[in-house]
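Comments concern the structure below.
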């Protein structure tokens, strides 16, 4: 069940512009890259998040950005029910970006 800060995901179609729009989100204090990753995680289905990661990486954002307590998104979500799907996508894209470098 989604709460007020996490709208329920429906079957709507997300085009590239909508996925990329998360890159323009502003953080009100804290690490901008962490904020963008967290918002994308909360707002996207795994398939959309997978499309988002290359845009995030290509824009030179930090996959290992931390919050104020020094935690990455990945350590924060590792115990979430759906977290494993997102962590697997991160590993997949981290490997592909290091192979193309």
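In my numbering, the protein residues as written are 620 to 720. Idealized CB from N, CA, C, for every residue including glycine. Since we're looking at a predicted model, the values are computed, not measured.
- Distance from residue 660 to residue 706 at the Cβ level is roughly 10 Å; contact not present, criterion being Cβ atoms closer than 8 Å.
- Rounded to whole angstroms, residue 702 and residue 688 show a C-alpha spacing of 19 Å.
- Annotation for residue 683: 691 place their beta carbon closer than 7 Å to its own, counting only its chain and skipping 5 residues before and after.
- For the pair residue 663 and residue 638, the CB atoms are nearer than the 9 Å cut-off.
- Excluding five sequence positions before and after residue 652, the CB atoms of its chain that fall closer than 6 Å to its own CB belong to 680, 681, 684, given in chain order.
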